[in-house]
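See below for the structure under consideration.
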Amino acid sequence: MRSLVAVAEHRSFTKAAAVLHVTQSSLSHSIAKLEAEIGLRLFHRTRYGVTLTSDGETLLEPGRRILQDFDLFDESVSGIRGTTLGRLRLVYSQTISVPTEDIISDFTRRYPGIRLQIWAPRDDADVFDLVETGVCDVGLARIDEAPAGVDIEAIAAETLVLLLPQSCDSEPDRTDLPWEDLSDVPLIVPPAGSASRRRLDRFSAQIGITVNAVLENENRWMSIKLVRSGVAAFLASQASEIIVPGVVQKRLVPTETSEVGIVTRPGLPTLATSAFAEVARDWGSGRNR
Numbered sequence: 004m005r006s007l008v009a010v011a012e013h014r015s016f017t018k019a020a021a022v023l024h025v026t027q028s029s030l031s032h033s034i035a036k037l038e039a040e041i042g043l044r045l046f047h048r049t050r051y052g053v054t055l056t057s058d059g060e061t062l063l064e065p066g067r068r069i070l071q072d073f074d075l076f077d078e079s080v081s082g083i084r085g086t087t088l089g090r091l092r093l094v095y096s097q098t099i100s101v102p103t104e105d106i107i108s109d110f111t112r113r114y115p116g117i118r119l120q121i122w123a124p125r126d127d128a129d130v131f132d133l134v135e136t137g138v139c140d141v142g143l144a145r146i147d148e149a150p151a152g153v154d155i156e157a158i159a160a161e162t163l164v165l166l167l168p169q170s171c172d173s174e175p176d177r178t179d180l181p182w183e184d185l186s187d188v189p190l191i192v193p194p195a196g197s198a199s200r201r202r203l204d205r206f207s208a209q210i211g212i213t214v215n216a217v218l219e220n221e222n223r224w225m226s227i228k229l230v231r232s233g234v235a236a237f238l239a240s241q242a243s244e245i246i247v248p249g250v251v252q253k254r255l256v257p258t259e260t261s262e263v264g265i266v267t268r269p270g271l272p273t274l275a276t277s278a279f280a281e282v283a284r285d286w287g288s289g290r291n292r
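By the count of our numbering, the sequence shown reaches residue 292 at its end, each step adding exactly one.
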């Protein structure tokens with residue numbers, strides 16, 4: 004069953020074998036054996052990769068639930084023995100400003116027996132989808148637009164701030180900037196259609212301004228580097244202070260905020276999921292910063 008899910012998620016026998024730490028021939032044998040036992044063909048194999056058949060699609064979600072039950076059983080046994088072992092599939096949006104690397108570092112230090120697999124898509128919607136479909140166990144994302152099929156818990160509030168090249172700051176003593184003043188500022192903005200761009204467009208429309216977008220970029224840290232290089236200014240989400248040499252930060256008024264939170268599937272969480280949520284909450288409360 005684990006072989007079925009791994010091949011379906013990675014759409015490649017080679018990648019799935021690497022994740023499962025088995026040889027490709029052993030994995031192919033496991034899939035062939037499963038297909039023979041149930042009398043169904045589960046995958047289409049082409050030179051472009053591997054895709055699920057309609058029968059495979061039908062069995063994928065029940066297969067994921069079976070694996071989650073096995074993981075929960077194994078973790079319960081380890082909990083009874085006084086150890087915390089298991090696997091955690093984590094997904095986080097690359098656009099959030101919460102320092103996920105700090106949370107992950109603290110988690111691995113506190114729970115060295117839990118093996119991590121990490122996904123990092125560029126949009127919050129992908130985080131919701133990966134958690135809701137069971138591909139991942141827990142996620143970190145902006146939760147303002149979370150669908151009904153996931154559980155959410157806020158851990159931090161993000162505000163939008165303007166990052167300027169220090170050489171372009173004509174008023175270094177001014178720390179606040181009205182949104183209306185952005186009309187003349189050349190800006191790096193998120194790509195059209197992304198959650199971050201929708202958030203920017205929605206708020207700028209509410210206050211009646213048109214931003215001067217000169218460059219679209221989906222990578223937050225690349226945008227900050229472009230600011231430092233003097234290309235343009237950037238509207239950055241901030242959950243903790245951004246300190247970059249050569250970059251000046253201005254607080255925008257009125258303040259626009261959104262919530263970042265933990266995303267899980269409804270139901271009983273595994274011990275690994277609960278452990279990660281605990282670490283994320285600790286960061287949100289400032290206990291492990």
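Built from N, CA and C at the ideal position, the CB exists for glycine as well.
So which of the options has the shortest CA-CA distance to residue i?
| i | options | result |
| --- | --- | --- |
| residue 273 | 252, 89, 125 and 237 | 89 |
| residue 264 | 184, 278, 151 and 161 | 161 |
| residue 280 | 216, 196 and 94 | 94 |
| residue 275 | 39, 36 and 118 | 118 |
| residue 96 | 167, 124 and 229 | 124 |
| residue 98 | 36, 163, 68 and 72 | 163 |
Label residue i either buried or exposed according to how many other C-beta atoms from any shown protein chain fall within 10 Å of its C-beta, with 16 as the threshold for buried.
| i | result |
| --- | --- |
| residue 260 | exposed |
| residue 114 | buried |
| residue 84 | Because residue 84 sits at a pLDDT of 49, beneath the cut-off of 50, its placement in the model cannot be relied upon, and the point is left open. |
| residue 145 | buried |
| residue 135 | buried |
| residue 287 | buried |
| residue 129 | buried |
| residue 282 | buried |
| residue 246 | exposed |
Tell me the rounded alpha-carbon separation between residue i and residue j.
| i | j | result |
| --- | --- | --- |
| residue 211 | residue 191 | 19 Å |
| residue 120 | residue 91 | 6 Å |
| residue 194 | residue 33 | 42 Å |
| residue 1 | residue 177 | Since the first and last residues shown for the chain are 4 and 292, residue 1 lies out of range. |
| residue 180 | residue 224 | 22 Å |
| residue 155 | residue 143 | 9 Å |
| residue 199 | residue 41 | 45 Å |
| residue 109 | residue 157 | 19 Å |
| residue 44 | residue 38 | 6 Å |
| residue 208 | residue 285 | 36 Å |
| residue 126 | residue 13 | 19 Å |
| residue 185 | residue 141 | 37 Å |
| residue 25 | residue 67 | 20 Å |
| residue 102 | residue 8 | 30 Å |
| residue 49 | residue 64 | 23 Å |
| residue 203 | residue 252 | 18 Å |
| residue 112 | residue 266 | 22 Å |
For residue i, report the span of its beta strand (DSSP E) as first-last.
| i | result |
| --- | --- |
| residue 182 | No beta strand (DSSP E) contains residue 182, which DSSP labels as neither H nor E. |
| residue 142 | 141 to 145 |
| residue 117 | 117 to 122 |
| residue 54 | 52 to 55 |
Following the continuous alpha helix (DSSP H) through residue i, name the residue where it begins and the one where it ends.
| i | result |
| --- | --- |
| residue 29 | 27 to 41 |
| residue 174 | Segment: none, residue 174 is in no alpha helix (DSSP H) and carries neither H nor E. |
| residue 209 | 198 to 210 |
| residue 112 | 103 to 113 |
| residue 281 | 274 to 288 |
| residue 136 | Here residue 136 belongs to no alpha helix (DSSP H), and DSSP marks it neither H nor E. |
Beta-carbon within less than 8 Å of residue i's beta-carbon, same chain only, minus the 5 sequence neighbours each way: which residues are those?
| i | result |
| --- | --- |
| residue 18 | none |
| residue 250 | 166, 167, 168, 169, 227, 230 and 231 |
Using a Cβ-Cβ cut-off of 6 Å (strictly less than) and excluding sequence neighbours within five positions of residue i, which residues of its own chain qualify?
| i | result |
| --- | --- |
| residue 257 | none |
Below 7 Å CB to CB, which residues in the same chain sit around residue i once its five sequence neighbours on both sides are set aside?
| i | result |
| --- | --- |
| residue 16 | 10, 27, 30, 31 and 53 |
| residue 58 | 43, 44 and 45 |
| residue 69 | 4 |
| residue 172 | 251 |
Closer than 8 Å, CB to CB, is residue i near chain D or not?
| i | result |
| --- | --- |
| residue 93 | Any reference to chain D falls outside this structure, which holds one protein chain only. |
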